[in-house]
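Chemist: Pasting a structure here, questions to come.
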Amino acid sequence: MSDTPTAPTTTKTPGTAGAAAAPPAVRTGYGPVFAVREFRAVFVAHAFSLLGLVVSEIALSVLVYDLTGSPLLSALTFALGFLPYLVGGTLLAGVADRFPARRVLVVCDLVCAGCVVVMAVPGAPIAVLLAMRAALAVVAPVFQGTRTATLADVLGDGELFVLGRSLLRIGSQSALLTGFGLGGLLLTVVPPRHALLVTVGTFLASAAFLRFGTRRRPARVTGGQALVRDSLRGARLVLADRRVRVLLLLFWVPPMFMVAPEALAAPYAERLGVGSTGLGLLMCALPVGTIAGELFAGSRLRPLTRHRITLPLVCVTLLPYAGYALRPGLGWSLVLLAVAGAGSAYTLGLDQWFVRSVPAELLGRAMTLNTAGLMTVQGLGMALSGAVAEFAGVRATVVGAGVLGTVLCVVLAVAARRAGQGVEQRPGGPPEGARIPVVVGERTETRDGADHDVTGR
2 MSDTPTAPTT TKTPGTAGAA AAPPAVRTGY GPVFAVREFR AVFVAHAFSL LGLVVSEIAL
62 SVLVYDLTGS PLLSALTFAL GFLPYLVGGT LLAGVADRFP ARRVLVVCDL VCAGCVVVMA
122 VPGAPIAVLL AMRAALAVVA PVFQGTRTAT LADVLGDGEL FVLGRSLLRI GSQSALLTGF
182 GLGGLLLTVV PPRHALLVTV GTFLASAAFL RFGTRRRPAR VTGGQALVRD SLRGARLVLA
242 DRRVRVLLLL FWVPPMFMVA PEALAAPYAE RLGVGSTGLG LLMCALPVGT IAGELFAGSR
302 LRPLTRHRIT LPLVCVTLLP YAGYALRPGL GWSLVLLAVA GAGSAYTLGL DQWFVRSVPA
362 ELLGRAMTLN TAGLMTVQGL GMALSGAVAE FAGVRATVVG AGVLGTVLCV VLAVAARRAG
422 QGVEQRPGGP PEGARIPVVV GERTETRDGA DHDVTGR
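Each number in this note's numbering comes from the position in the sequence shown (counting from 1) with 1 added on.
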């Protein structure tokens, strides 16, 4: 997707059969990403939007429980944050490419704000509350997929894109850590419906940053079929590419097994006898490890190094879960979870491979499909973990997730290397005939004016 290719230096990359292109010396770290004015606006909007979503989940869950006294309905408010993703990500994905990205992002934020306003109306029935929660989840993959595709316009498809995606993930994990704490604190001061009004403000702030902080860009495609038919057609075209299918599975499979300890944290904490404090630590360990791994990989490792370790990291990121077989106490359990979370740094490599493997006119739909699939498989992983734990126990379930997940990750890593061999790439992608793990140099600063922001002009 870069307009001005960089002539690579041909070298042999260890572990690849063909010649891979080594990148020239590039700046490492997140500073150049924040130097791009549009990215700063996107990042701040992301923080506001996600904090609003997390607080609304907590407030709505408490509100539903206060109104019904039903733990099932209270838990259903969280489940509705996962299940409708598949609907929005498949039936509405075409929105990401058919309309200007800025308009899509702003409208999505305004729709979310409107849904939360309806939730906050006194006397709103339970069915309406749950319907609005489901609507938020339908809109979310369209918003996230469009925003990710926009990053490729703002930052290019190379090093800056990788680090920009990393920063958004770090922001997401940080928002989860702080959002639940802030939401709980807020509910000690104001009732749930008033807390929901606070989230309306965060969605409106996100819309304002996106509207006035980013450039208007034309739609990626124009005309075409009806929206739903076009969305389904886009999904078929994305999935028709064997290389893209493998990359999507590499995004989806590890998180599906990664969520097992999180889903079972409450019964595991009870068996350890560590109380609510221990439960909180168990819930925080995985995102803390993820943040640490992303920060280290993004700020300390060179692009070629991240490229080389992507598939090895995929293969080992779930292995720490096998350590649960040794019946670790709270301290060692936290270490195992943090190490597993740090292994998620493999996503920095996958991000670049994916954005360079998808045709530009399908990028919005591909990113939306990726987001929808990711959230869906995590919800499925949580449900399956709970079902298996009913019969096998918590420890055995986590160990099984680690072992089975590792086997599948190894299979996918092998398939990724094979899928990239001799497959035609779109313009701007890796050299024809090279495998997926290829770095073709830093090309981010030649796309869509990002070079002017980076250099300060």
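Here a beta-carbon is modelled for each residue, glycine too, at the ideal position from N, C-alpha and C. Just so it is clear, the structure is predicted and the values come from calculations on it, not from any experiment.
Mind checking which residues open and close the alpha helix (DSSP H) that includes E263?
Modeler: Residue mapping note: residue 263 aligns to position 262 of the sequence shown, counting from 1. From DSSP, the alpha helix (DSSP H) with E263 extends over 261-264.
Chemist: Less than 7 Å between the C-beta atoms of G89 and V139, yes or no?
Modeler: On the sequence shown, position 88 is the one that residue 89 refers to. On the sequence shown, position 138 is the one that residue 139 refers to. Yes. Within cutoff.
Chemist: With 16 as the cutoff for other CB atoms within 10 Å, does F1 come out buried or exposed?
Modeler: Because the chain is modelled from 2 through 458, residue 1 falls outside the range shown and cannot be assessed.
Chemist: Looking only at its own chain, which residues have a Cβ that is under 8 Å from the Cβ of L265, when we skip the five neighbours before and after it?
Modeler: Looking up residue 265 in the sequence shown gives position 264. Counting only Cβ-Cβ distances below 8 Å, and skipping sequence neighbours, we find S386, G387, A390, V395, T398, V399.
Chemist: Would you give the residue range spanned by the alpha helix (DSSP H) that P313 belongs to?
Modeler: The count along the sequence shown starts at 1 and reaches residue 313 at position 312. Element bounds for P313: 304-317.
Chemist: If the criterion is Cβ atoms closer than 7 Å, does the pair T372 and G344 meet it?
Modeler: Locating residue 372 in the sequence shown gives position 371, counting from the first residue. Locating residue 344 in the sequence shown gives position 343, counting from the first residue. No.
Chemist: Using a 10 Å radius around the Cβ and a threshold of 16 neighbouring Cβ atoms, would you call A94 buried or exposed?
Modeler: For the purposes of this step, residue 94 is identified with residue 93 of the sequence shown, where counting begins at 1. By the 10 Å Cβ count, A94 comes out buried.
Chemist: I need the boundaries of the alpha helix (DSSP H) containing S358, first residue and last residue.
Modeler: On the sequence shown, position 357 is the one that residue 358 refers to. Residues 348-358.
Chemist: Tell me, please, whether the segment 235-253 touches the segment 373-383 by the rule of three or more beta-carbon pairs shorter than 8 Å.
Modeler: Touching, per the Cβ criterion.
Chemist: Pick out whichever of E271, L54, P123 has its Cα sitting closest to the Cα of F204.
Modeler: Sequence index remark: in the sequence shown, residue 204 carries index 203 (1-based). Cα-wise, what sits closest to F204 is L54.
Chemist: Leaving out the 5 sequence neighbours to the left and right, which residues in its chain are closer than 6 Å to L137 when beta-carbon positions are compared?
Modeler: What you label residue 137 is simply residue 136 of the sequence shown in a count that begins at 1. Taken in chain order, the residues that qualify are C113, C116.
Chemist: May I ask which residues mark the beginning and end of the alpha helix (DSSP H) holding T91?
Modeler: Taking the first residue of the sequence shown as 1, we reach residue 91 at position 90. 86-92 is the extent of the alpha helix (DSSP H) around T91.
Chemist: Kindly indicate the opening and closing residues of the alpha helix (DSSP H) around E58.
Modeler: For the purposes of this step, residue 58 is taken as residue 57 along the sequence shown, with counting starting at 1. Note, E58: alpha helix (DSSP H), 38-69.
Chemist: What residue does the alpha helix (DSSP H) around S345 start on, and which one ends it?
Modeler: For the purposes of this step, residue 345 is identified with residue 344 of the sequence shown, where counting begins at 1. From DSSP, S345 is part of no alpha helix (DSSP H); its letter is neither H nor E.
Chemist: Suppose the cutoff is 7 Å on Cβ atoms and the five residues either side in sequence are ignored; what does the same chain contact list for V163 look like?
Modeler: Within the sequence shown, numbered from 1, the residue matching residue 163 stands at position 162. Hits under 7 Å: L349, D352, Q353.
Chemist: For Y325, which residues in the same chain have their Cβ closer than 6 Å to its Cβ, ignoring the five residues on either side in sequence?
Modeler: Within the sequence shown, residue 325 is the residue found at index 324, counting from 1. Cβ neighbours of Y325 beyond the five flanking positions: R396, V399, V400.
Chemist: In terms of alpha-carbon separation, which member of L92, F258, A206 lies closest to R233?
Modeler: Indexing the sequence shown from 1 puts residue 233 at position 232. What sits at residue 233 in the sequence shown is Leu, not Arg. Considering only alpha carbons, the answer is L92.
Chemist: Quick one: grab the DSSP three-state call for D231.
Modeler: Sequence index remark: in the sequence shown, residue 231 carries index 230 (1-based). The answer is helix: DSSP assigns D231 an H, G or I state.
Chemist: Relative to the C-alpha of G172, which candidate in T291, E39, A36 has its C-alpha closest?
Modeler: Residue numbering aside, residue 172 sits at position 171 when the sequence shown is read from its first letter. Ranking T291, E39, A36 by Cα distance to G172 puts T291 first.
Chemist: Between the Cα of E39 and those of S175, R217, P192, spot the shortest distance and give me the residue it belongs to.
Modeler: Here residue 39 is taken as the residue at index 38 of the sequence shown, counted from 1. Closest option to E39, Cα to Cα, is R217.
Chemist: Check this for me: beta carbons of G299 and S167, under 7 Å apart or not?
Modeler: Here residue 299 refers to the residue found at position 298 when the sequence shown is read from its first residue. Here residue 167 refers to the residue found at position 166 when the sequence shown is read from its first residue. Against a cut-off of 7 Å, the Cβ pair of S167 and G299 comes out as a contact.
Chemist: What are the boundary residues of the alpha helix (DSSP H) that includes P33?
Modeler: Working through the sequence shown from its first residue, we reach residue 33 at position 32. Note, P33: alpha helix (DSSP H), 32-35.
Chemist: Is there contact between the segment 236-243 and the segment 122-131, where contact requires at least three CB pairs shorter than 8 Å?
Modeler: Too few Cβ pairs lie closer than 8 Å, so no.
Chemist: Would the beta-carbon of R272 fall within 7 Å of that of V107?
Modeler: As a first step, residue 272 must be located in the sequence shown, where it is residue number 271. As a first step, residue 107 must be located in the sequence shown, where it is residue number 106. No, they are not a contact pair.
Chemist: Any idea if R301 is buried or exposed, counting beta-carbon neighbours within 10 angstroms, 16 or more meaning buried?
Modeler: Position 300 of the sequence shown holds residue 301. R301 is exposed by the Cβ-count criterion.
Chemist: In chain order, what residues of the same chain have a beta carbon less than 8 Å from the beta carbon of G294, not counting five sequence neighbours either side?
Modeler: For the purposes of this step, residue 294 is taken as the residue at position 293 of the sequence shown. Once the five neighbours on either side are set aside, the close Cβ partners of G294 are G342, A343, G344, S345, A346.
Chemist: Could you compute how far the alpha carbon of S334 sits from the alpha carbon of A286?
Modeler: As a working note, residue 334 is residue 333 in the sequence shown. As a working note, residue 286 is residue 285 in the sequence shown. Cα-Cα distance, rounded: 9 Å.
Chemist: By alpha-carbon positions, which one of V412, G330, L64 ends up nearest to A196?
Modeler: As a working mapping, residue 196 is identified with position 195 in the sequence shown. Measuring from the Cα of A196, the nearest candidate turns out to be L64.
Chemist: Quick one: grab the DSSP three-state call for F204.
Modeler: The residue you call residue 204 lines up with position 203 of the sequence shown. Looking at F204 - three-state DSSP - the assignment turns out to be helix.
Chemist: Is it right to say L327 is buried, meaning 16 or more other beta carbons lie within 10 angstroms of its own, or is it exposed?
Modeler: Locating residue 327 in the sequence shown gives position 326, counting from the first residue. It is exposed - the Cβ of L327 has fewer than 16 other Cβ atoms within 10 Å.
Chemist: Ends of the alpha helix (DSSP H) at T1?
Modeler: This structure leaves residue 1 out entirely; the chain is present only between 2 and 458.
Chemist: Can you tell me where the alpha helix (DSSP H) holding R104 begins and where it ends?
Modeler: Walking along the sequence shown from the start, residue 104 turns up at place 103. Run containing R104: 102-121, per the alpha helix (DSSP H) assignment.
Chemist: Roughly how many angstroms lie between the CA atoms of F297 and P304, to the nearest whole one?
Modeler: Taking the first residue of the sequence shown as 1, we reach residue 297 at position 296. Taking the first residue of the sequence shown as 1, we reach residue 304 at position 303. Straight-line Cα distance between these residues: approximately 12 Å.
Chemist: In whole angstroms, what separates the C-alpha of L169 from that of H47?
Modeler: Indexing the sequence shown from 1 puts residue 169 at position 168. Indexing the sequence shown from 1 puts residue 47 at position 46. Each residue's alpha carbon lies about 7 Å from the other.
Chemist: Per DSSP, what kind of secondary structure is E330 in: helix, strand or coil?
Modeler: For the purposes of this step, residue 330 is taken as the residue at position 329 of the sequence shown. The identity of residue 330 in the sequence shown is Gly, whereas the question assumes Glu. Three-state DSSP puts G330 in coil, outside helix and strand.
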